[in-house]
Ligand code: BTN
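Numbering (the working numbering), first residue to last: 958 to 1212.
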């Protein structure tokens, strides 16, 4: 990434902004491959022409409406999934902090759906996508947050508080730096933000397969453990999860 006039440092984050690009994830991955990135480089854009979502989906938004950004971490340390969890938690914490600063109560229904969707009132508000290149060290973690616009049936930050995408990025980066370094302590923080635990979920898997059960735990590698109607425990490291309802004492029998 070239040091452009738009680049500036913020608490050791090296933040650049561009009006339009294909995908901020792609940009940082290519720059990392060229050896041009320093640790904690961040790229934000007002508009992506080929924004990428999880599971090979697109991530689109009208120009200037939402937070579209990626960060590059040269030595992520913990398992890669933990960095993605940290970004998801940071988005939840940033929005909560902004709501609090505006005098509002903590949004009780704001949290994470496994693995890293930020949800508000059961609707998706933000997504996180990590990518690595075999030709570069480190990891790129991109995040898209609906700020002033959301697709049908999704949520946006404007429902809770007024902030612009750049201001929200500042809050996300600050929240990221406030998370505990210790992996075990952070794992507890992540679980506390995870709305999925204790829910009856349907896990959609590649190949049109699905599994229904109670989301019971997240293991040390970030995989979710789901207990089916027969009591069998299955572990998933990829898949789309749908929250069906909160689990109750009868769930072992009636799923
Ligand atoms: C998801 O599908 O839930 C993840 C969406 C991630 C979108 C962001 S927007 C900024 C960055 N650049 C991309 O191309 N994708 C991520």
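Note that the Cβ used here is the ideal one computed from N, Cα and C, for glycine as well.
In angstroms, rounded to a whole number, what distance separates the CA positions of residue i and residue j?
| i | j | result |
| --- | --- | --- |
| residue 1210 | residue 1016 | Confidence at residue 1210 is low in this model, with a pLDDT of 29, below 50, so its placement is unreliable and the value that follows should be read with caution. Their Cα atoms are separated by approximately 39 Å. |
| residue 1048 | residue 1091 | 28 Å |
| residue 1002 | residue 1189 | 45 Å |
| residue 1194 | residue 1040 | 15 Å |
| residue 1051 | residue 1135 | 11 Å |
| residue 1071 | residue 1111 | 16 Å |
| residue 1082 | residue 1073 | 11 Å |
| residue 981 | residue 1008 | 8 Å |
| residue 1127 | residue 1033 | 20 Å |
| residue 1105 | residue 1114 | 7 Å |
| residue 1100 | residue 1184 | 30 Å |
| residue 1212 | residue 1159 | With a pLDDT of 22 at residue 1212, under the threshold of 50, the modelled position of that residue is not reliable, and no figure is offered here. |
| residue 1148 | residue 1076 | 15 Å |
| residue 1046 | residue 1093 | 26 Å |
| residue 924 | residue 1140 | No answer is possible for residue 924: it lies beyond the span of the chain, which begins at 958 and ends at 1212. |
Are the beta-carbon atoms of residue i and residue j separated by less than 8 Å?
| i | j | result |
| --- | --- | --- |
| residue 1087 | residue 1098 | yes |
| residue 1170 | residue 1186 | yes |
| residue 1021 | residue 1004 | yes |
| residue 997 | residue 969 | yes |
| residue 1042 | residue 1179 | yes |
| residue 992 | residue 1031 | no |
Pull up the CB-CB distance for residue i and residue j, whole angstroms please, since I reckon it's below 8 Å.
| i | j | result |
| --- | --- | --- |
| residue 999 | residue 1152 | Contact flag wrong, Cβ pair sits at about 27 Å. |
| residue 975 | residue 1006 | Contact doesn't hold; Cβ gap of about 12 Å is too wide. |
| residue 1069 | residue 1150 | 5 Å |
| residue 1117 | residue 1199 | Not really, about 23 Å apart at Cβ, beyond 8 Å. |
| residue 1044 | residue 1143 | The pair is not a contact, with the Cβ atoms about 12 Å apart (cut-off 8 Å). |
| residue 1108 | residue 1023 | About 10 Å separates the two Cβ atoms, so there is no contact after all. |
Any 3 or more C-beta pairs closer than 8 Å across the region 1166-1178 and the region 1053-1069 = Under the three-pair Cβ rule at 8 Å, the region 1166-1178 does not count as touching the region 1053-1069.
Are there three or more Cβ pairs, one per stretch, closer than 8 Å when the region 1189-1206 is compared with the region 1140-1157?
-> Because the criterion of three Cβ pairs below 8 Å is met, the region 1189-1206 and the region 1140-1157 touch.
Contact between the region 974-985 and the region 1022-1039 (3+ Cβ pairs under 8 Å) | Yes, since at least three Cβ pairs between the region 974-985 and the region 1022-1039 fall closer than 8 Å, the two stretches touch.
In the region 1068-1128, which residue ranges form an unbroken beta strand (DSSP E) of at least 3 residues, counting only runs that do not cross its ends?
-> Runs of the beta strand (DSSP E) spanning 3 or more residues and lying entirely within the region 1068-1128 occur at 1074-1077, 1080-1088 and 1096-1102, in chain order.
May I have a chain-ordered list of the alpha helix (DSSP H) segments no shorter than 4 residues that lie completely inside the region 1123-1190?
-> You should have 1140-1150.
Going along the chain, which unbroken runs of the alpha helix (DSSP H) with 4 or more residues stay wholly within the region 978-1029?
-> Runs of the alpha helix (DSSP H) lying entirely within the region 978-1029 and spanning at least 4 residues, in chain order: 981-990.
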